[in-house]
Amino acid sequence: MAGISASSAEGLYDEFVKAGLLITAGPVGAFARGAVFEQVLEAFDALILRIADHEQVETMTFPPVIDRAIIERTGYMESFPNLCGAIHSFAGSDREARAIPTRIAEGQAWGDLLSPTDVVLTPAACYPFYPTCRGTVPANGREVTLRSWVYRQEPSIEPTRMRAFRMREVVRIGAPDTVLAWRDQWRDRGLAILRSLDLPAELDIAADPFFGRAGKMLAAGQIEQKLKFEVLIPILPALPPTACASFNYHQDKFGTIFGIRLLSGETAHSACLGFGLERTVMALFRTHGVDPAHWPATVRALLWP
Ligand code: ATP
Ligand code: ZN
45 MAGISASSAE GLYDEFVKAG LLITAGPVGA FARGAVFEQV LEAFDALILR
95 IADHEQVETM TFPPVIDRAI IERTGYMESF PNLCGAIHSF AGSDREARAI
145 PTRIAEGQAW GDLLSPTDVV LTPAACYPFY PTCRGTVPAN GREVTLRSWV
195 YRQEPSIEPT RMRAFRMREV VRIGAPDTVL AWRDQWRDRG LAILRSLDLP
245 AELDIAADPF FGRAGKMLAA GQIEQKLKFE VLIPILPALP PTACASFNYH
295 QDKFGTIFGI RLLSGETAHS ACLGFGLERT VMALFRTHGV DPAHWPATVR
345 ALLWP
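Counting in the working numbering, the sequence shown runs from 45 upward without gaps.
This is how it looks when you write it as structure tokens:
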């Protein structure tokens with residue numbers, strides 16, 4: 045069956061809604077997912093897990109909120125202040141609380157009556173993991189798989205740019221050579237997985253969307269040192285292909301910040317890869333059509349073995 049052939053980003057969103065894959069649910073970039081969309085998402089996630097699974101791999105599940113201190117210590121607010129979703133709540137008196145419904149009834153802003161809590165919405169699945177590694181890691185380092193809802197404040201009419209979405213990550217901690225070789229191996233493997241699903245996937249060097257003028261220099265350095273790769277797949281009509289998976293080498297950044305050491309006493313290095321689960325699912329529907337029953341047999345066999 046042919047893929048979807050909408051001619052604009054909004055048109056593609058409408059096609060997904062018409063097919064029941066997505067359900068409009070209020071705020072832009074925060075739509076709901078239908079049952080078939082979820083079946084494909086779970087099947088794709090299971091495929092990655094089958095490939096990632098071996099004896100040394102640990103599995104962890106963190107809630108979609110993390111300690112504000114992690115965000116502060118990793119420099120997230122320097123690099124991506126515009127993407128952070130911080131959680132605020134009311135912490136005042138009974139009398140002060142009455143101002144909130146009054147303001148709402150009057151159609152006034154009421155956010156200033158709230159104060160920051162000690163948590164923010166998780167911006168990347170791997171962030172909560174690093175602080176748990178403080179101290180000396182085992183001789184062969186550590187490898188963990190994580191799946192999480194993450195939040196980024198980037199409202200957009202492009203269905204591929206969500207504010208809340210799920211990321212499947214695999215993270216490796218260890219000696220520099222080991223970690224870099226692992227990142228390169230997963231980069232090639234990630235591309236092969238997406239191509240095995242008959243997706244027109246291409247690899248490219250990439251940079252994070254660092255904020256502001258200083259951010260441009262950080263991004264240039266990241267590209268120059270080949271710290272980040274992405275697998276890109278055409279999903280949006282008339283727009284450049286979309287990053288569906290990312291492969292990052294952090295060098296000793298998290299090791300230094302969180303005091304993670306090798307047996308030798310040296311600071312550990314780390315790398316992570318993240319599959320954007322919704323984006324990959326959208327790439328599948330876009331390429332193969334809205335009904336998985338009509339997808340190529342080889343693709344179905346990989347997703348539903
Ligand atoms: P780091 O951990 O270093 O912050 P990361 O690899 O965990 O990086 P990104 O590279 O920013 O995080 O994102 C990982 C994947 O998440 C991307 O390849 C993409 O598929 C998906 N993704 C990113 N932003 C969005 C978004 N707004 N909506 C949907 N999916 C997204
Ligand atoms: Zn990561």
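In this text, a Cβ means the ideal position worked out from N, Cα and C, and glycines have one as well.
Point to revise | Test item, CB below 7 Å from any non-hydrogen atom of the ligand ZN | key: A168, A169, C170, E213, V215, N292, C316, G318
Review point. What residue range is occupied by the uninterrupted alpha helix (DSSP H) comprising D138?
Key: 138-141
Review point. By the 10 Å Cβ neighbour count, where 16 or more other Cβ atoms means buried, how is H98 classified, buried or exposed?
Key: exposed
**Study point:** Nearest candidate by alpha-carbon position, reference R227, set K260, R139, A245, G318
**Key:** G318
Exercise for review: Report the residue from T166, R94, Q83, L93 whose alpha carbon sits nearest the alpha carbon of I114.
Suggested key: T166
Check your understanding: Apart from the five residues on each side of it in sequence, which residues of its chain come closer than 6 Å, Cβ to Cβ, to F298?
Key -> Y174, S314
**Study point:** Which listed residue (V163, L306, G64) has its alpha carbon closest to that of E116
**Key:** V163
Review point. Is any heavy atom in the ligand ATP found nearer than 6 Å to the beta carbon of A287?
Key: yes
Practice item. Measure the C-alpha to C-alpha separation of C177 and L158 and round it to an integer number of angstroms. Key: 34 Å
Practice item. Consider the C-beta atom of M261 and the heavy atoms of the ligand ATP; say whether any pair is separated by less than 6 Å. Key: no
**Study point:** Residue range of the unbroken alpha helix (DSSP H) whose run includes V181
**Key:** Unbroken run through V181: none, as it is neither H nor E.
Exercise for review: Under 8 Å by Cβ, that's how I've got K270 and D252 pegged, so tell me the actual separation to the nearest angstrom.
Suggested key: 14 Å between Cβ atoms; not a contact.
Check your understanding: What are the uninterrupted segments assigned as beta strand (DSSP E) that are 3 or more residues long and contained completely in the region 77-113, given in chain order?
Key -> 101-104, 109-111
Check your understanding: What separation, rounded to the nearest whole angstrom, lies between the Cα atoms of E310 and P182?
Key -> 13 Å
Review point. Terminal residues of the continuous beta strand (DSSP E) containing A289?
Key: 286-295
Check your understanding: In terms of residue numbering, what span does the beta strand (DSSP E) encompassing W226 cover?
Key -> Counting along the chain, W226 falls outside any beta strand (DSSP E), though it belongs to the alpha helix (DSSP H) covering 220-240.
Point to revise | Pairwise C-alpha distance: C170 and P108 | key: 11 Å
Practice item. Might you give, ordered along the chain, the residues of its own chain that have their beta carbon closer than 7 Å to the beta carbon of I131, omitting 5 neighbours on each side? Key: V109, T161, V163, V164, L165
Practice item. Whole angstroms is fine: what's the gap from P284's alpha carbon to A250's? Key: 14 Å
Point to revise | Check: R77 C-beta below 6 Å from any heavy atom of the ligand ATP | key: no
Practice item. Provide the residue(s) that pair with I249 in DSSP beta bridges, ordered along the chain. Key: F273
Practice item. Buried or exposed for N126, please, with buried defined as at least 16 other CB atoms from any protein chain shown within 10 angstroms of its CB. Key: exposed
Point to revise | Contact check, L243 vs I277, beta carbons under 7 Å | key: yes
Check your understanding: Do you know whose CA, among G234, A135, I267, S308, lies nearest H294's CA?
Key -> I267
Exercise for review: Could you round the C-beta distance between P199 and V72 to whole angstroms and report it? I think they count as a contact, below 8 Å.
Suggested key: 5 Å
**Study point:** Cβ neighbours of A208 in the same chain (closer than 7 Å, five flanking residues each side left out)
**Key:** A74, W193, Y195
Point to revise | DSSP-derived helix/strand/coil call for E202 | key: coil
Practice item. Look at A63 and V334 and say whether their C-beta atoms are less than 7 Å apart. Key: yes
Exercise for review: Determine the extent of the beta strand (DSSP E) in which T189 is found, giving its start and end residues.
Suggested key: 186-195
Practice item. Grab me the residues of A141's own chain with a C-beta within less than 7 Å of its C-beta, minus the 5 sequence neighbours each way, in chain order. Key: F134
**Study point:** Coarse secondary structure for A74, derived from DSSP in three states
**Key:** coil
Exercise for review: Quick one: measure Cβ to Cβ for G55 and P281, integer angstroms, because I've assumed they're closer than 8 Å.
Suggested key: 7 Å
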